[in-house]
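Below is one structure, written out as structure tokens; comments come after it.
Protein chains in written order, with our numbering: chain A, 30 to 933; chain B, 395 to 480.
Given below as structure tokens:
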């Protein structure tokens with residue numbers, strides 16, 4: 030019987046402290062706070078909990094049919110007509126008990142393919158485009174991504190239901206048309222057309238090798254080309270849809286035939302305004318279909334209360350189809366509709382509603398004053414909002430949905446922050462937004478709390494109570510650090526201090542530029558925040574730092590696959606500095622080729638698949654007549670370079686520096702040999718387990734590498750307030766953040782660094798050999814960008830925070846620190862106080878983000894063994910919360926292994 | 395022969411691809427079970443403008459407004475302006 034890593038550690042007297050600050054109680058400890066939602070919401074939630082992620086061809090059918098009828102049209106009009114027809118034909122679906130309605134499609138958890146973006150990943154195996162996708166490396170990531178087998182996922186086909194991408198269920202009756210529609214887009218989709226032109230980039234072969242060896246995790250321009258941004262509901266809320274159409278018609282008259290000094294795209298304004306009108310007509314028809322359906326339901330309903338609710342729903346829908354909402358519930362219904370319309374227009378993850386407690390406040394304030402609504406009724410609506418947002422799925426490949434998103438779509442709501450004048454923006458409605466996060470604890474919207482020193486103490490206490498429900502939210506984001514980043518990066522586009530205060534989180538953790546707009550309701554003016562920037566987390570997607578370092582060790586070759594990725598450097602690395610220099614050279618090469626190729630993908634996207642409805646909602650498209658593709662948004666410098674495996678790489682460099690260059694205990698060659706042989710262990714894939722502790726020695730392994738392995742494990746590690754490792758982090762951050770700013774996006778703007786892991790630490794770890802920090806082949810990287818590697822943060826949370834804040838977080842769009850705490854460590858009011866003090870300390874040190882998993886690791890182990898008992902168990906993965914049963918095994922293993930703090 | 399099953403019936407509220415709710419009883423039901431309160435749902439298969447493709451399973455042609463378009467029998471046509479029941 031092969032020895033496990035855990036046994037080896039015990040025998041040698043070594044230890045990794047997976048519990049820090051004490052010992053957890055022996056028995057399973059539940060979470061302290063368990064709150065309940067309204068009965069109506071509980072009933073709807075029961076349906077959700079039993080529903081499968083489902084897809085059909087309704088939207089793509091009508092889109093495709095209309096698109097190909099208009100091959101004589103200007104691209105923006107062609108797309109607008111296709112969108113209008115698709116929205117107009119979506120079958121309405123209303124469930125009994127709903128107060129607000131509308132959904133992506135005609136299932137509780139509906140989504141649909143968009144073959145005009147990408148069709149290769151779900152086409153039949155014999156398709157030449159499918160084979161092409163394999164060659165491009167799109168499928169390499171899929172091989173390293175796992176999807177949770179439970180919850181609403183459809184991991185396998187059954188009965189008359191076919192599984193697509195291990196997540197989505199489609200009726201077998203729909204498969205022939207799925208493939209037929211996909212064939213119509215062969216060679217015309219953004220994916221195919223983008224690939225045609227990206228091949229013209231010199232060194233395209235390097236890009237292909239990068240993708241196939243999983244140095245980078247997925248392309249940008251055709252996967253999730255929009256999202257990780259903040260929605261803006263202002264224009265429909267201020268003017269109503271008819272009001273926007275009136276503006277567009279007037280603007281058409283103003284601009285028809287005029288360039289107005291812009292010989293390049295000035296003339297396009299006419300077509301853009303026409304497209305806006307067409308797209309809105311589609312949304313109006315969609316709303317009207319729901320209203321008609323509500324009336325149809327009312328007519329056949331026998332229960333008087335339910336009948337009245339259907340009638341009231343119909344009346345609200347018919348009103349907002351054309352007009353500015355009058356009441357809180359109308360305004361809420363309207364922003365739900367806008368939100369769903371945007372995520373139906375394109376493949377999007379991370380469309381964040383933003384600060385809805387401030388956006389909806391005018392209606393809340395006036396309805397409360399007039400006695401039209403109670404706080405309890407508002408809370409009930411906010412609870413339903415959580416159900417609506419959690420039901421939003423996004424149809425994409427296994428690599429994207431499983432390997433990156435873990436099935437989540439990151440519709441994050443922000444709370445707190447400051448108002449236009451710099452005072453706390455917390456209001457009475459925001460208390461209810463926060464409370465609903467506890468009374469209806471569901472993964473979405475996750476809550477991002479913009480922390481600043483003026484935030485009311487009772488609001489923070491409520492936040493601590495919600496964290497103790499085990500929801501994983503609110504995450505705390507540093508308001509001052511975010512504003513500093515925004516002013517630095519978007520200053521040249523006009524970002525001011527006042528405007529920077531409007532910011533919100535877009536997606537999980539993406540600091541996104543927003544603006545204030547004057548909302549008028551019954552003669553009173555309010556200033557409301559909303560998104561004003563292009564998508565973020567686009568451009569150069571996740572590059573695995575440990576993988577780049579691995580390529581340095583093996584002279585540019587991916588040892589696992591045998592693929593030559595970079596030109597050989599042929600260096601001996603006499604000094605540590607020489608090695609780091611080569612690491613940065615390979616990193617730069619990867620960024621360079623990925624930026625160029627992804628710029629082309631996005632350029633193809635903007636030419637044929639531009640957002641139209643989404644664009645009209647974002648300042649300043651309606652004013653300028655230019656949509657997203659013509660820099661109509663106020664802020665366009667939103668593209669980025671994303672890193673993954675930050676802490677694993679820093680620890681690896683620290684071990685190398687210590688053992689080879691400073692102590693000279695091993696030669697460089699000896700260390701590389703150990704990596705090549707995985708320190709004498711089987712790979713994680715061989716045993717199907719992905720955390721370090723569960724790894725097994727090879728059956729015939731000698732003890733050749735044991736001592737070196739322990740030395741690697743005992744080398745300095747990030748997270749202990751040890752400058753040896755932390756200064757390596759500092760050096761990297763200073764270089765990486767500055768280097769990212771030298772990369773140019775297709776919009777002619779500088780990029781920036783983005784440092785979140787999402788779920789990539791699982792899939793990318795899976796494709797990476799052992800590392801000098803002692804991690805073994807195929808196991809996950811440390812999560813986030815500043816979370817310690819499991820078991821290596823031995824000096825407590827304050828030391829971890831000191832390590833994390835050695836660099837200036839405002840240089841980057843974000844940083845990410847996840848901490849797992851045993852429920853007993855923050856029990857009672859005293860525990861809450863300690864938790865908040867810990868958070869405040871981190872914010873004062875300049876940390877940007879911190880969040881908590883309040884869970885007993887034993888519960889997670891039990892949930893992995895008995896998933897049927899844990900359908901509603903939620904965990905914080907990265908910048909999002911997800912149901913345990915819908916997470917892949919790699920990330921589950923990593924979550925169990927994370928260091929558990931027994932005291933704070 | 396018409397399949398009088400839930401997923402073809404207006405008496406059915408789809409939850410997902412496999413199951414839904416019987417409107418009349420409120421019970422959770424399988425999509426492919428026979429519906430005792432069956433009410434025909436508008437689907438392309440019931441439309442005069444639709445012709446089934448005998449050679450390609452699951453596909454057909456829609457001739458709405460004089461043009462021929464790809465179509466499929468199972469598609470819900472509740473929102474289709476050209477739906478003309480056979």
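Don't be surprised by glycine CBs; every beta carbon is placed ideally from N, CA and C.
Under the three-state DSSP convention, the category residue i falls into
i, result
"residue 753/A", "helix"
"residue 352/A", "coil"
"residue 423/B", "strand"
"residue 392/A", "helix"
"residue 587/A", "strand"
"residue 401/B", "helix"
"residue 268/A", "helix"
"residue 94/A", "helix"
"residue 543/A", "strand"
"residue 553/A", "strand"
"residue 852/A", "helix"
"residue 861/A", "helix"
"residue 445/B", "strand"
"residue 662/A", "coil"
Cβ neighbour criterion (16 or more within 10 Å) applied to residue i
i, result
"residue 328/A", "exposed"
"residue 500/A", "buried"
"residue 273/A", "buried"
"residue 407/B", "buried"
"residue 55/A", "exposed"
"residue 290/A", "exposed"
"residue 424/B", "exposed"
"residue 897/A", "exposed"
"residue 214/A", "buried"
"residue 67/A", "buried"
"residue 506/A", "buried"
"residue 101/A", "exposed"
"residue 57/A", "exposed"
"residue 121/A", "buried"
"residue 226/A", "exposed"
Close Cβ partners of residue i (< 7 Å) along its chain, the five nearest in sequence each way excluded
i, result
"residue 647/A", "261, 560, 561 and 662"
"residue 356/A", "392, 396 and 401"
"residue 739/A", "41 and 43"
Residue-level contact to chain E via CB, residue i, 8 Å cutoff
i, result
"residue 399/B", "Absence of chain E from the displayed structure is noted, the protein chains being A and B."
Nearest to residue i (by Cα), restricted to the options the options
i, options, result
"residue 346/A", "256/A, 360/A, 566/A and 333/A", "360/A"
"residue 412/B", "402/B, 458/B and 457/B", "402/B"
"residue 773/A", "343/A, 626/A and 641/A", "626/A"
"residue 655/A", "855/A, 296/A and 504/A", "296/A"
"residue 241/A", "826/A, 730/A, 785/A and 588/A", "588/A"
"residue 830/A", "840/A, 841/A, 839/A and 845/A", "845/A"
"residue 449/A", "250/A, 904/A, 526/A and 493/A", "526/A"
"residue 546/A", "194/A, 585/A, 389/A and 215/A", "389/A"
"residue 642/A", "31/A, 120/A and 303/A", "303/A"
"residue 557/A", "383/A, 387/A, 517/A and 819/A", "387/A"
"residue 928/A", "38/A, 36/A, 51/A and 570/A", "51/A"
"residue 139/A", "146/A, 85/A and 628/A", "85/A"
Cutoff 8 Å; reference residue i; Cβ partners in own chain excluding five residues on either side
i, result
"residue 925/A", "720, 886, 889, 890 and 893"
"residue 592/A", "238, 241, 242 and 586"
The ligand FAD heavy atom lying under 7 Å from the CB of residue i
i, result
"residue 880/A", "Among the components of this structure there are no ligands whatsoever, and the ligand FAD is therefore not found."
Cβ neighbours of residue i in the same chain (closer than 6 Å, five flanking residues each side left out)
i, result
"residue 836/A", "759 and 762"
>> Output needed in chain order: residues of the stretch 121-137 of chain A with a Cβ under 9 Å from some Cβ in chain B.
In response: 121, 122, 123, 124, 125, 135, 136 and 137
> Mind listing which residues of the stretch 464-478 of chain B have their C-beta closer than 7 Å to chain A's C-betas, in chain order?
Replying inline: 464, 466, 468, 469, 470, 472, 473 and 474
> What residues in the stretch 297-323 of chain A bring their beta carbon closer than 7 Å to a beta carbon of chain B?
Replying inline: 318
> Can you list, in chain order, the residues of the stretch 439-462 of chain B whose Cβ is nearer than 7 Å to any Cβ on chain A?
Replying inline: 450, 451, 452 and 453
>> Which residues of the stretch 413-426 of chain B have a Cβ closer than 7 Å to any Cβ of chain A? Give them in chain order.
In response: 426
> Of the residues that make up the stretch 198-215 of chain A, which ones have a beta carbon closer than 9 Å to any beta carbon in chain B?
Replying inline: 198, 199, 200, 201, 202, 203, 204, 205, 206, 209, 210 and 213
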